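One structure is given here, and the rest of the page talks about it.
Dropping the structure here:
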């Protein structure tokens, strides 16, 4: 396996019924930018090679989900996933709205310390 990486712009196309269409649209939008412009400037400022910065950015992005799982814990992730699973199984707008309300309540509870930092010593 080679460590070589070519940064090639990609803007599609993809079929309308592609299950990954939302992600692909986001990839296409970000591909309009040149990330090396920012990385070169940061490299010049910090002395870190562009390749080291690119590896950092990719590793940080790629592990964000894992980091979130570690911070929340598997039980909480399953608890957050369950209303969505039930709503998708039911397949109705009412079930999806109920899931939204349930998730909003859980997220409000999780965010309480962020919204009220003085509540905790």
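Numbering (full-length UniProt numbering), first residue to last: 1 to 121. Even for Gly, the Cβ is constructed at its ideal location relative to N, Cα and C. Note that this is a predicted model, so its numbers are computed, not measured.
> Could you give the residue range of the alpha helix (DSSP H) that holds residue 85?
Replying inline: 74-90
> Are the beta-carbon atoms belonging to residue 75 and residue 86 less than 9 angstroms from one another?
Replying inline: no
>> So residue 43 and residue 49 are supposed to be a Cβ contact under 8 angstroms. How far apart are they, rounded?
In response: 6 angstroms
> Would you say residue 88 and residue 79 are within 9 angstroms of each other, going by their C-beta atoms?
Replying inline: no
> Roughly how many whole angstroms lie between the Cα atoms of residue 46 and residue 40?
Replying inline: 10 angstroms
> Along the chain, where does the alpha helix (DSSP H) that runs through residue 35 open and close?
Replying inline: 35-46
> Should residue 69 and residue 110 be called a contact, given that it needs their Cβ atoms to be closer than 9 angstroms?
Replying inline: no
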